[in-house]
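See structure below.
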Amino acid sequence: MRSPISHPGLPDTAPPDLRGLPTALEEVTPTLETVAAARRGLEGTTNEDGGDPSTHGDTRLLARHLSNYLAAVDLASRRPCRDVVDVGGGTGAFAHWAAGRLGADLTLVEPDDPVRVVASRAFPDAGLLPATDALATASSDLVTAMEVVEHIPPHEQPAFVRDLARLVRPGGLLVCSTPDETGYLGRWSGYAPHIGPLDHEGLRRLLIGATGGWPLQVWRLDGPVFRIGPLRRVGEPLANRVWGAVRAISPSAVERAVVRLGAAAGRRRPSAGAPGTQRIGAVRAYDQPEGPGTGLLAVARRPASAT
2 MRSPISHPGL
12 PDTAPPDLRG
22 LPTALEEVTP
32 TLETVAAARR
42 GLEGTTNEDG
52 GDPSTHGDTR
62 LLARHLSNYL
72 AAVDLASRRP
82 CRDVVDVGGG
92 TGAFAHWAAG
102 RLGADLTLVE
112 PDDPVRVVAS
122 RAFPDAGLLP
132 ATDALATASS
142 DLVTAMEVVE
152 HIPPHEQPAF
162 VRDLARLVRP
172 GGLLVCSTPD
182 ETGYLGRWSG
192 YAPHIGPLDH
202 EGLRRLLIGA
212 TGGWPLQVWR
222 LDGPVFRIGP
232 LRRVGEPLAN
242 RVWGAVRAIS
252 PSAVERAVVR
262 LGAAAGRRRP
272 SAGAPGTQRI
282 GAVRAYDQPE
292 GPGTGLLAVA
302 RRPASAT
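The structure is reproduced here in structure tokens:
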């Protein structure tokens with residue numbers, strides 16, 4: 002294991018408060034229904050690499066993804082936040098909810114063309130771009146990239162994060178999340194699109210280097226939706242390897258399966274107020290490199306004096 006490098010954290014910044022997760026799940030449900038309606042009649046609009054969390058029908062998976070955005074909202078709301086840029090968030094369902102909570106303008110950056118079609122239907126009020134090139138430097142108070150960096154080859158990750166940092170206004174926040182897969186058998190979930198997995202220290206080093214040393218904190222998210230039990234520790238990597246092998250043989254079959262799962266998500270998705278939701282909502286953030294929680298959330302603040 003690498004020794005952690007010395008670097009200042011975020012001074013006077015309390016961990017994000019995630020106690021409002023059950024309420025957030027209720028609030029985001031209409032947004033998810035809007036996305037489902039926008040997708041109807043469109044073929045090939047589901048990101049088969051899992052880049053569109055709005056297709057998940059399991060409340061636990063939704064809660065896991067939404068926790069990242071809830072944390073970003075809590076942290077960003079401690080100062081004025083006028084604009085949000087979300088990169089790689091699929092149709093932008095959670096980012097749209099987050100921007101609404103903050104009362105901020107939203108720009109969605111999504112490279113997948115068919116997914117952008119759905120986003121344009123669902124959220125005509127949001128800016129929508131295939132890349133960040135057209136966005137001005139230091140133009141956003143909050144820039145998010147949730148569960149994205151692990152989909153990027155390691156040698157390309159520094160440039161990706163540097164470009165995210167370019168967009169942040171002085172005093173603004175850059176928030177990146179990624180799953181910690183070190184608890185799985187072989188220290189990898191086996192999910193083929195995760196070609197650049199990072200542990201706590203790896204994520205920390207990446208953001209320190211890419212931002213040029215901005216004040217930074219990496220929190221570990223823990224709770225029922227962020228735990229790997231003994232069965233999942235072994236079973237998930239094996240199942241994902243089988244899924245990857247099938248996809249290599251017949252990509253079209255996998256795409257059809259994902260589309261069907263996405264279409265069924267609304268029917269299978271339990272109500273946010275269903276029994277057990279309070280347990281699902283028992284998520285907390287804490288500052289420990291090691292621990293049971295598999296969610297990692299890196300938060301960097303651009304110095305107010307930065308130019």
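Numbering (our numbering), first residue to last: 2 to 308.
C-beta atoms are modelled at their ideal positions from N, C-alpha and C, and glycine is treated no differently.
None of the values given here were measured: they were computed from a predicted structure.
Which word fits Ala-120, buried or exposed, when buried means at least 16 other C-beta atoms lie within 10 angstroms of its C-beta? buried
For the candidate residues Arg-248, Ile-281 and Gln-218, whose alpha-carbon lies nearest to that of Ala-299? Gln-218
Asp-244, enclosing alpha helix (DSSP H) - first and last residue: For the sequence presented, residue 244 should be read as Trp rather than Asp. That run of the alpha helix (DSSP H) goes 231-250.
Alpha-carbon to alpha-carbon, Gly-191 and Glu-202: 21 Å
Pick out whichever of Leu-199, Leu-239 and Thr-145 has its Cα sitting closest to the Cα of Glu-291. Leu-199
Going along the chain, which unbroken runs of the beta strand (DSSP E) with 3 or more residues stay wholly within the segment 41-124? 84-88 and 106-110
Could you tell me the boundaries of the beta strand (DSSP E) in which Gly-214 lies? Annotation for Gly-214: no beta strand (DSSP E) segment contains it, and DSSP assigns it neither H nor E.
My output table needs one value for Arg-206: the three-state DSSP class, helix, strand or coil. Annotated three-state conformation of Arg-206 is helix, per DSSP.
Proximal residues to Gly-224 (C-beta, below 6 Å), its chain only, five neighbours per side dropped: The beta carbon of Gly-224 lies closer than 6 Å to those of Ala-283 and Val-284 in the same chain, with the five residues before and after it left out.
Over the uninterrupted beta strand (DSSP E) stretch that includes Asp-142, give me the two end residues. 141-147
CA-to-CA distance, Leu-207 to Ala-99, given in whole angstroms: 25 Å
Assigned exposure category for Glu-111 - 16 Cβ within 10 Å defines buried: buried
Figure out for me which residue from Arg-41, Arg-163, Ala-38 and Asp-75 has the closest Cα to the Cα of Ala-15. Asp-75
Simplified DSSP assignment, three categories, for Arg-285: In the displayed model, Arg-285 falls within a strand according to three-state DSSP.
Give me the Cα-Cα distance between Pro-81 and Ser-140, rounded to the nearest whole angstrom. 14 Å
In this structure, what does DSSP give as the bridge partners for Val-176? Thr-145 and Val-300
Tell me which residues share the same chain as Glu-151 and place their Cβ nearer than 6 Å to its Cβ, disregarding the 5 neighbours each side in the sequence. The answer, listed in chain order, is Thr-179, His-195, Gly-197 and Pro-198.
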